[in-house]
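In what follows, a single structure is set out as structure tokens and then discussed.
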Amino acid sequence: MSATATEQTTPLVQMNDIRVAFGGVHAVDGVSIDLYPGEVVALVGGNGAGKTTLIKTLSGAHRADSGQIVVEGTPVAISNPRDARDFGIETIYQTLALADNIDAPSNIFLGRELRTRWGTLDDTAMENETRHLMGRLNPRFKNFKVPVQSLSGGQRQSVAIARAVHFDAKILIMDEPTAALGPAETDEVRQLIRQLRQEGLGIFLISHDIHDVFDLADRIAVMLQGRLVGIVNKHEVTQDEVLAMIIAGKQPGDVTQADLNGLHR
Amino acid sequence: MSDVSAAPTAGAATPVPVPPPEPTRRRRSTTGVMRSMELDPRLFGMLVALAIIWVGFNIGSGGTFLTARNLWNLSVQTAPVGIMATGMVLVIVSRNIDLSVGSMLAVLGMAMAILQVEWIPSWLGLDHPLTWVIALGAGVVLGAAIGAFQGAIVAYAAVPAFIVTLGGLLIWRGVAWAMASGRTIAPLDPTFRTIGGGADGTIGGPATWVLAVLACVGVVALLVASRRRRRKYEFALRPLWADVVIGVVGTGAILGAAWVLNSYPKPGTDEAQGLAYPVVIMIAVGLFMTFLANRTRFGRYVFAIGGNPEAAELGGIKTRWTLVKTFMLIGVLVAIAAAVTTGRLNAATSGLGQLNELYVIAAAVIGGTSLSGGIGTIPGALVGALVAQSLQSGMVLMGVDAPLQDIVVGVVLVVAVALDTVYRRRVK
């Protein structure tokens, strides 16, 4: 078990023996994985390894054919994104899912607007909350009144993350959060992820970027062809060993020097 | 290739040329003023364009355009298209379109006319005081129903709005004809007629002044409330001078408009007409729709859907139901516009509202609504309707032939959108 995941605490979420099939193809084939508070678990694997499908069963975008999801010790049924949200599970999609034409506060509160006692939108209050939220997450964020399309990639990512964490999220799912960003913006987002981890959130991080994974994750879960190859503690493996898991499905103990050399051909 | 090889040497040899500071600084200070006043530059530009059009026509028509009489008529003529354009904004913002409004106007006008001319008198007798209420209410309900029907096909069956409402354009026109086998239905109930602004369809001089003063109080109250709200959260306040300028210009414009409209007496008397009912209705509709678009969740959702339908869906918004509501809303507004049009004509024919869909869409688009969705304002659409109507009635005053009028309106539409596109690209 990982060093950060304290033995006494219940996991934030446990996914037990999850299976999803599309036609005859087993996209996810009996995967079990858990996540503790204050922990980042990276999900890695090649294209079609099943990591996005697995995570969609948790975010409510897709139903599992079988298996069990346990949130803080209680088995739950998640059939749509609203259910997931009710259990404190928030997802940041790769496409960010922001409405480009409206400003940051409107995006953060989209679907959950603050209203005055007459039932009208309370934009001033939403802007105020957003300022506090951004003060905590990303103090460099200053553009509260402009459509988010005119923001930089990192700032847009901040808005997406702020939206996810504002409503007492406990479990955060991030799909390729740094994929479309420049170096400075990537740093900004990494900083943000560390900050959230420190605040006690559990984060599932889907990433292709092995540097992101080793920089941010506590544990690394490797998937290959719908199956879980293994979950390893970041400090107990090398990047090459993880690559061997991703590509060849070999456990760190089984991997030979010849295999590792093969990776670098 | 040559660019690539030349660039490093040029960069290394000479320092980056400094742009001449004078024009840049001037431009920045104008935008600075605009920004501190938090004015919408697009709306401001449209008002300037409107002023140019008005002055130009006044010169071209030998001083008959900017008379109280012509401006009063202009205000009444703008009303039906203006009323419908406020709804079209929301439909277009949500990435849809409604091509059926002109034909719907005919059906709804016809329905209200038949109801008050043939059906209600046989139940309640002629000239019953409730006739107009029942007719208008039925029209509004029918408008909402037609809108809901078309909207449901768009939202739930995922048929493109262009196709659904193109079908509607043909269908409702045919239905309007079939409803009375092409007959003209007239004359209408006297009270109903006032909705159209006829001889007695104005609120009169004193009431116009009262409304104008109330509007001024409203403007000042909004400015004060906005300052108070921002102060409560310790946000940066708009500079006081900017608020004062906005207040003075706003109240001045309101009082000026009231003065102009009150300067046109009823024919044969010296009693001021003041605002016509259609104009009062248009202003009320404009205020209500602005409120709906900016201050309610429904309005916010319409814009979010236009910006990114997927994001709206993931945000837990019932996007399909929201789309149906936008079509219902425009149906209701078409019913109101139909009441204005038939009331003014004192008759309903199956040819009512022909080409209105295009004028309504043109008004919204001239007013800054983007056909790709997500962008548009209600006040913009109203100014757009006024611009389109000004062009038409100005050309009539100047004796321009009808085909040439269409050409000019068409050219203006394309030029306005082209300018807007260029502007938006530069802002980005």
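First to last, the protein sequences are chains A and B.
Everything in the first sequence is counted per this note's numbering, starting at 1 for the first residue and increasing by one.
Everything in the second sequence is counted per this note's numbering, starting at 1001 for the first residue and increasing by one.
Built from N, CA and C at the ideal position, the CB exists for glycine as well.
Contact between the region 107 to 118 of chain A and the region 1210 to 1227 of chain B is not established, with fewer than three Cβ pairs separated by less than 8 Å.
By the criterion of a C-beta distance shorter than 6 Å, Ile1083 (chain B) is surrounded in its chain by Met1282, Val1285, Leu1333, Ile1336, Ala1337, once the five residues flanking it on both sides are discounted. Across the region 1040 to 1053 of chain B, no CB contact with chain A closer than 9 Å is found for any residue. Look at Phe1192 (chain B) here: in three-state DSSP terms it is helix. Fully enclosed alpha helix (DSSP H) runs of no fewer than 4 residues occupy 1120 to 1124 of the region 1104 to 1146 of chain B, in order along the chain.
In the DSSP annotation of this structure, the continuous segment of the alpha helix (DSSP H) that includes Thr1326 (chain B) starts and ends at 1319 to 1345. When Cβ-Cβ separations below 8 Å define contact, Gly1125 (chain B) makes no contact with chain A.
The straight-line gap separating the alpha-carbon atoms of Pro1403 (chain B) and Gly1205 (chain B) is approximately 38 Å. Here Arg19 (chain A) is bridged, per DSSP, to A:Asp29, A:Ser66. Runs of the alpha helix (DSSP H) spanning 4 or more residues and lying entirely within the region 170 to 229 of chain A occur at 183 to 198, 210 to 216, in chain order. Here Ile102 (chain A) is buried, its C-beta having at least 16 other C-beta atoms within 10 Å.
With a cut-off of 8 Å on Cβ pairs, the region 1385 to 1394 of chain B is in contact with the region 1407 to 1417 of chain B, counting three or more such pairs. For Ser158 (chain A), the CB contacts under 8 Å within the same chain, skipping 5 residues up- and downstream, are Met134, Leu137, Asn138, Phe141, Glu188, Val189, Leu192 in chain order.
In the DSSP assignment, Glu129 (chain A) falls within the unbroken alpha helix (DSSP H) covering 123 to 137.
No beta strand (DSSP E) of 3 residues or more sits fully in the region 1148 to 1217 of chain B. Using a Cβ-Cβ cut-off of 8 Å, Glu1357 (chain B) does not count as an interface residue toward chain A, since no Cβ of chain A sits closer than that to its own.
For Ile1375 (chain B), at least one C-beta of chain A is nearer than 8 Å to its own C-beta. The beta-carbon distance between Gly50 (chain A) and Ala27 (chain A), rounded to whole angstroms, is 5 Å. This is short enough to meet the 8 Å contact definition.
The C-beta distance from Val1081 (chain B) to Ala1363 (chain B) rounds to 6 Å, short enough to fall under 8 Å. For Pro177 (chain A), no CB of chain B lies under 8 Å from its own CB, so it is not counted at the interface with that chain.
Contact of Phe1303 (chain B) with chain A by beta-carbon distance below 9 Å involves Ala99, Asn101, Ile102, Ser106. When 9 Å is used as the limit between beta carbons, Glu72 (chain A) is near no residue of chain B, the shortest such separation being about 22 Å. Among the residues facing chain B, Asn128 (chain A) is included, as its CB has a counterpart in that chain under 8 Å away. Contact of Gly111 (chain A) with chain B by beta-carbon distance below 7 Å involves Gly1315, Gly1316, Ile1317.
From the listed residues A:Thr95, A:Val71, A:Ile55, the smallest Cα separation to Asn1308 (chain B) is found for A:Thr95.
Neighbours of Tyr1233 (chain B) in chain A, taken as residues at a C-beta separation under 9 Å, are given in chain order as Thr124, Ala125, Glu127, Asn128, Arg131. Distances from the alpha-carbon of Ala1253 (chain B) to those of B:Val1213, B:Lys1266, B:Pro1239 put B:Val1213 closest. Under the DSSP assignment, Ile78 (chain A) falls outside any beta strand (DSSP E); it carries neither an H nor an E label.
Using a Cβ-Cβ cut-off of 8 Å, Arg1295 (chain B) counts as an interface residue toward chain A, since at least one Cβ of chain A sits closer than that to its own. Secondary structure of Glu1310 (chain B) (DSSP, three-state): helix. Around the beta carbon of Lys250 (chain A), 16 or more other beta carbons sit within 10 angstroms, so the residue counts as buried. Here the C-alpha atom of Ala1207 (chain B) lies approximately 29 Å from the C-alpha atom of Val1055 (chain B).
Closest in alpha carbon position to Gly182 (chain A), among A:Ala164, A:Ser152, A:Gly30, A:Gly200, is A:Ser152. With respect to the 8 Å criterion, Ala1113 (chain B) and Ile1185 (chain B) are classified as neighbours on the basis of their beta carbons.
Note that the C-beta distance between Leu1043 (chain B) and Thr1369 (chain B) is not below 8 Å. Of the other Cβ atoms in all chains shown, 16 or more fall within 10 Å of the Cβ of Pro147 (chain A); this residue is therefore buried.
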